[in-house]
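In terms of UniProt numbering, the sequence shown opens at residue 1 and continues consecutively. Before any comments, here is the structure.
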Amino acid sequence: MAALLFWWSTIMPSLNRIWADDVAQTVTGTLVGNHVTLANVRNFEWRSQTDYTPRWEVRSYDLENLASVDVFLSYWSSPAIAHTLVSFGFNNGDQVVFSAEIRKKRHEQFSEIGGFFKQFELAMIAADERDIIRLRTNIRKEDVYRYRVNLTPEMRQALFLSYLDTGNRLSKQAQFYNTVTANCTTVIFDMIRAITPGVPLDYRVILSGYLPGYLYDLGAIDRSKPLEAETQAASINQRAMDADKAEDFSARIRADN
């Protein structure tokens, strides 16, 4: 047993592997005053899951114009499990999505079991919604829901800067993805708790498919109607299919919602 534990302790995460194209770069950024410049913002043009044009871009944002935060949940199998993405909206219509993802090596397949056993590194990806949301709705045919999160301007900016700090840290110090303790939702929860101490841990942080109910109970999303009605209204798949590659994709998936 001691030998096994020693061997386990020697398995270290790496920044230097032959990565899959969609996680070949990870976001980094700089802050000068209220102006943020993000490097390696993904903006792929997806024609299928295997046919795409890679694009990594530099984009700039003024935090004084940060107007909204949306949580997207993408379901592909069980109602208990969803991938969580957070999108920041600005007064000029710009949106940028942050997503904590497994950093697969080229030709490697995701395994939930492997996520328990140091098989994957953790990557912070920033992306255009026409890339990372459309990939899930129009290409992978996952079920995607969008919820507007009620945050003060100060909390919105703090959360954005937490993503910036996490991206910068992961670009220099590799970390393993873990299916339970370091996944797409727990990473967000850790950042939220740093901003707002006392936010209670809940099983719905781990079983992320149930995250809307947790946010609803906290009053973090609209409670003017029952959760079931809120969830029904949050579905964006049909609007995303209709918008497809349109320049105003972000506006159209939010229409009448």
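By construction, the Cβ of each residue, glycine as well, lies at the ideal position given by its N, Cα and C atoms.
Proximal residues to Ser48 (C-beta, below 8 Å), its chain only, five neighbours per side dropped = As a working note, residue 48 is residue 48 in the sequence shown. Hits under 8 Å: Ile139.
Span of the alpha helix (DSSP H) holding Phe249?
-> What you label residue 249 is simply residue 249 of the sequence shown in a count that begins at 1. Per DSSP, Phe249 belongs to the alpha helix (DSSP H) from Phe249 to Arg252.
8 Å CB neighbourhood of Ala255 in its chain, flanking five on each side removed | What you label residue 255 is simply residue 255 of the sequence shown in a count that begins at 1. Hits under 8 Å: Arg239.
Ile102 (DSSP reduced to helix, strand or coil) | Translated into the one-based positions of the sequence shown, residue 102 becomes position 102. Of the three classes helix, strand and coil, the one that applies to Ile102 here is strand, per DSSP.
Where does Ile232 fall in DSSP's three states?
-> As a first step, residue 232 must be located in the sequence shown, where it is residue number 232. For the record, residue 232 in the displayed sequence is Gln; it is not Ile. Under the three-state reduction of DSSP, Gln232 is assigned to helix.
Any chance the segment 24 to 33 sits against the segment 163 to 177, with 3 or more Cβ pairs inside 8 Å?
-> Cβ pair count under 8 Å is three or more, so yes.
Assign Asp248 to one of two classes, buried (16 or more other C-beta atoms within 10 Å of its C-beta) or exposed (fewer than that).
-> Here residue 248 refers to the residue found at position 248 when the sequence shown is read from its first residue. So Asp248 ends up on the exposed side.
Which runs of the alpha helix (DSSP H) spanning at least 4 residues fall entirely within the segment 117 to 146, listed in chain order?
-> With a minimum length of 4 residues, the continuous alpha helix (DSSP H) runs that stay inside the segment 117 to 146 are 129 to 134.
On the DSSP bridge assignment, give the partners of Gly89 in chain order.
-> Translated into positions along the sequence shown, residue 89 becomes position 89. Paired residue(s): Ser68 and Gln95.
Span separating the alpha-carbon of Ala39 from that of Arg59 | Within the sequence shown, residue 39 is the residue found at index 39, counting from 1. Within the sequence shown, residue 59 is the residue found at index 59, counting from 1. Rounded to whole angstroms, the separation of the alpha carbons of Arg59 and Ala39 is 7 Å.
Could you give the C-beta distance for Asn43 and Arg55, rounded to a whole number, given that I count them as a contact under 8 Å?
-> Looking up residue 43 in the sequence shown gives position 43. Looking up residue 55 in the sequence shown gives position 55. Taking C-beta atoms under 8 Å as the contact rule, Asn43 and Arg55 qualify, at a distance of about 5 Å.
Spatial distance of Leu151 from Ala20 (CA atoms) | Start at 1 with the first residue of the sequence shown, and residue 151 comes out as number 151. Start at 1 with the first residue of the sequence shown, and residue 20 comes out as number 20. Distance between the alpha carbons of Leu151 and Ala20 is about 34 Å.
Beta carbon of Asn188 nearer than 8 Å to that of Val86 | As a first step, residue 188 is located in the sequence shown; it is residue number 188 there, counting from the start. As a first step, residue 86 is located in the sequence shown; it is residue number 86 there, counting from the start. Residue identity check: residue 188 is Ile in the sequence provided, not Asn. Going by beta carbons, Ile188 and Val86 fall inside the 8 Å limit.
Among the residues of its own chain, which have a CB less than 7 Å from the CB of Leu63, if the five just before and after it don't count?
-> Counting from one through the sequence shown, the residue named residue 63 turns up at place 63. Once the five neighbours on either side are set aside, the close Cβ partners of Leu63 are Asn34, Val36, Gln157 and Phe160.
Does any CB atom of chain C fall closer than 8 Å to the CB of Arg42?
-> Among the chains in the structure shown there is no chain C, since it carries only a single protein chain.
Just to check, is the beta-carbon of Glu142 closer than 7 Å to a non-hydrogen atom of the ligand MG?
-> With respect to the ligand MG, the structure shown offers nothing to examine, as it has no ligands at all.
Unbroken beta strand (DSSP E) run spanning Leu201, endpoints = Here residue 201 is taken as the residue at index 201 of the sequence shown, counted from 1. Neither: Leu201 is in no beta strand (DSSP E) and is coded neither H nor E.
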